[in-house]
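Encoded as structure tokens, the structure appears first; notes follow it.
Residue numbers (our numbering): 4 to 798.
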């Protein structure tokens, strides 16, 4: 019978949780360590950092050190891993693990959070399985006494996956992968102008020995003409197929630049390596194309983490501590994963086994099986890329009766990803034989349309236009906040005149409202009895039916760049608070998520509002914080304030109040990034999700080909919103008793009734110390000194 919790000796009153990074480094690892340390202290535990990975665990001594609250301040913006990472051969031997076990018992550590790849996590699970035997051996050898080991008979292990390759099965993303993808996209974007000016070709080699995630996502994000990944090698004769495809793109689609992405583990179906130099030689010799090779190497690992990796590492670090506290002796070691938008716990060895099976299938040339074991998101992206990278493929083209005239319109404010979604929709339409029709400048552009204008606001889109949209921000076809209700009659007339068979709307809450209006007007206007779908695109992320909107990730990256820059300006004074105003309308999503990513001390949002008592408590907290800091840390402190959080307590007023109450002991400044938050070029996440979701929308719309207007109007799924909810991507109906309009929409505040991210506010407060200042200082000062009392509301 398996032992129960009750039969085990009680753990020490204050648990000690160790954290180590192993196997390599990835942007975001520092965020994970910071979150583990602060969440452990908040949970009345002690946190210990193991320096230099498993090497530090084996060596012990000063390689295992207790970390306090302020020790990890400013770590979110640091690249690499500040506690070090090293490959340790001695830990692979039982003798090394025996020394590691002794060091942990001597330090009183009974739980370990390991951030690394599958090899490091496998080693951690082996360590846990051997733990009872290791303790018995230490007692038998006389190195420890039975009394010493008795409180530590149970070892808990929790894994976090830190890998730029994103090669762990069971999770959509690993810590560091999106930061690495950002480096790649930045590099490729930088060569675009040269490639265009000289009509050159570039072969870009990226990391990925056994996993093609980076290569695939880079190919999608940059509109690459060809892709080589280890999971799905090209067919025999790929040289001719690649050259024919590139020739077609250059001649018929008017592309002046050629990009080929090669994963370092690329190979053909006989497992012969495909090198970037070989690809370059083929393009040069067969096509006469002036081609250059760029091997990005370890630049892909460098730099600070992007917004997504900062948030992911933080949330997973918090969840890792919760998992440690929830574990029982017979619980399998978990690894913290993410599926779409949901943080989850997965049995560690199940994920490792699936990962290793992919590599084994590749070595056995069982490529279809390897792809089947990749996550559904990976397979969908690969499918989407093939649909848009191989134009005019005869097998993809539909018969005449199934072809549609699909209108594309942008509604609302510009957002990163709008152009990429439109490009994906147009490319898919042309590949399938549909006619994509762009409506310029939203519904007002449609209403004001006249056929005799020099440039029509309603026109078919051709191949040549789409190439330029691959990395451009904003909206090239124009966007407008105007709604169909401004002139239903004229909108209906235009729909009928241009023979729209379907409508694809990209935008924010106004886009949602526009489709809602069109759906409700179907009783009066037959022209609106066509399938319609909304792809949410707004930095506010306030569209019902989804937890993610295009443009929100681009906005967050712009904000953390802004915050990192102004925080650096605090290094001269060492005592400065910045009150930063974010956009977002009446939704506090951007303020809260940005606050999580930059380590804000407080976030003010319209959902909670601001009052004088809240400000007084926060000023007390800042005063206490600076008194402890004594100017030793150069990083400034940040408060995020949503633009509509309060009409009275504006950003400047709050900054002035803090300055007045500080009495010269610290300073405060107000900062308003404004439209800077819309970003420049869209982030890689917004680019790839735009492609994936736009193609899903097109596939949904083309399912109505050949149906009558009444059949379409009577089908609730004919007016939908595509979105991410938890761990799923799905379409949500607009109308009906259980539709978004009635059940999920707060029309007055222009946001969903239930906002999934509100729980992040608690995490921000916990990790800033705002939720418990007393816990923040636990163990930080010399016990012989008297601790000043914390403000009452934080005790």
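All residues carry an ideal CB built from backbone N, CA and C; glycine is no exception.
Since we're looking at a predicted model, the values are computed, not measured.
Which residues DSSP lists as bridging residue i, in chain order
{"i": "residue 265", "result": "208, 231"}
{"i": "residue 640", "result": "580"}
{"i": "residue 388", "result": "The partner list for residue 388 (beta bridge, DSSP) is empty, contrary to what the question assumes."}
{"i": "residue 672", "result": "581"}
{"i": "residue 348", "result": "339"}
{"i": "residue 410", "result": "440, 506"}
{"i": "residue 119", "result": "164"}
{"i": "residue 276", "result": "270"}
{"i": "residue 294", "result": "204"}
{"i": "residue 535", "result": "506, 722"}
{"i": "residue 114", "result": "20, 159"}
{"i": "residue 463", "result": "440"}
{"i": "residue 365", "result": "Note: residue 365 sits in no beta bridge, so no partner."}
{"i": "residue 178", "result": "165"}
{"i": "residue 645", "result": "585"}
{"i": "residue 248", "result": "For residue 248, which the question treats as bridged, DSSP gives no partner whatsoever."}
Cβ-based neighbour list, residue i, same chain, cut-off 6 Å, excluding 5 preceding and 5 following
{"i": "residue 785", "result": "Bear in mind that the predicted position of residue 785 carries a pLDDT of just 37, short of 50, making it unreliable; the figure below should be weighed with that in mind. Counting only Cβ-Cβ distances below 6 Å, and skipping sequence neighbours, we find nothing."}
{"i": "residue 509", "result": "413, 421, 424, 538, 540"}
{"i": "residue 111", "result": "19"}
{"i": "residue 607", "result": "613, 644, 648"}
{"i": "residue 601", "result": "563, 566, 641"}
{"i": "residue 330", "result": "159"}
CB of residue i within 7 Å of CB of residue j, strictly
{"i": "residue 117", "j": "residue 162", "result": "yes"}
{"i": "residue 421", "j": "residue 326", "result": "no"}
{"i": "residue 594", "j": "residue 544", "result": "no"}
{"i": "residue 324", "j": "residue 43", "result": "yes"}
{"i": "residue 569", "j": "residue 605", "result": "no"}
{"i": "residue 518", "j": "residue 722", "result": "yes"}
{"i": "residue 33", "j": "residue 81", "result": "yes"}
{"i": "residue 473", "j": "residue 226", "result": "yes"}
{"i": "residue 29", "j": "residue 166", "result": "yes"}
{"i": "residue 54", "j": "residue 87", "result": "yes"}
{"i": "residue 720", "j": "residue 732", "result": "no"}
{"i": "residue 277", "j": "residue 205", "result": "no"}
{"i": "residue 106", "j": "residue 63", "result": "yes"}
{"i": "residue 211", "j": "residue 168", "result": "yes"}
{"i": "residue 108", "j": "residue 152", "result": "yes"}
{"i": "residue 580", "j": "residue 661", "result": "yes"}
{"i": "residue 760", "j": "residue 551", "result": "no"}
{"i": "residue 313", "j": "residue 85", "result": "no"}
{"i": "residue 178", "j": "residue 286", "result": "no"}
{"i": "residue 522", "j": "residue 469", "result": "no"}
{"i": "residue 336", "j": "residue 131", "result": "yes"}
{"i": "residue 256", "j": "residue 466", "result": "yes"}
Beta-carbon contacts of residue i that lie in its chain and below 8 Å, excluding the five residues immediately before and after
{"i": "residue 273", "result": "368"}
{"i": "residue 209", "result": "187, 217, 218, 221, 264, 265, 266, 267, 299, 303"}
{"i": "residue 289", "result": "242, 246"}
{"i": "residue 384", "result": "219, 220, 223, 691, 694, 695"}
{"i": "residue 239", "result": "271, 272"}
{"i": "residue 376", "result": "172, 357, 360, 361, 364"}
{"i": "residue 408", "result": "437, 438, 440, 501, 502, 503, 504, 505"}
Other residues of its chain near residue i: CB distance less than 7 Å, five sequence neighbours each side excluded
{"i": "residue 495", "result": "528, 530, 531"}
{"i": "residue 493", "result": "450"}
{"i": "residue 448", "result": "442, 460, 481, 483"}
{"i": "residue 334", "result": "none"}
{"i": "residue 513", "result": "414, 415, 484, 486"}
{"i": "residue 589", "result": "609, 647, 752, 753, 754"}
(request) Decide if the region 692 to 711 is in contact with the region 662 to 682; the criterion is three or more beta carbon pairs, one per stretch, under 8 Å apart. (result) no
(request) Output the residue ranges of the alpha helix (DSSP H) runs that lie fully inside the region 718 to 760 and measure 4 residues or longer, sorted by chain position. (result) 743 to 746
(request) Would you check if there are 3 or more beta carbon pairs closer than 8 Å linking the region 49 to 60 to the region 75 to 88? (result) yes
(message) Give the list of continuous beta strand (DSSP E) stretches no shorter than 3 residues that lie fully inside the region 49 to 108.
(response) 49 to 53, 67 to 70
(request) Flag this pair as touching only if the region 169 to 187 and the region 331 to 344 have three or more C-beta atom pairs under 8 Å; answer yes or no. (result) yes
(message) With three or more C-beta pairs closer than 8 Å as the rule, is the region 758 to 768 touching the region 599 to 612?
(response) yes
(message) Under 8 Å, with one C-beta from each stretch per pair, do the region 112 to 131 and the region 146 to 166 reach the 3-pair mark?
(response) yes
(request) With a floor of 4 residues, list each alpha helix (DSSP H) that falls wholly inside the region 132 to 170, ordered by position along the chain. (result) 149 to 152
(request) Counting only runs of 4+ residues fully inside the region 540 to 623, write out the alpha helix (DSSP H) ranges in chain order. (result) 555 to 571, 592 to 601
(message) For the region 130 to 142 against the region 90 to 105, do three or more pairs of beta-carbon atoms, one drawn from each stretch, fall closer than 8 Å, so that the two count as touching?
(response) yes
(message) I'd like the ranges of any alpha helix (DSSP H) spanning at least 4 consecutive residues and lying wholly in the region 690 to 720.
(response) 712 to 716
(request) Taking 8 Å as the threshold, find out whether the region 480 to 496 comes into contact with the region 441 to 451 through three or more Cβ pairs. (result) yes
(request) Please determine if the region 403 to 419 and the region 678 to 689 are in contact, where contact requires at least 3 C-beta pairs separated by less than 8 Å. (result) yes
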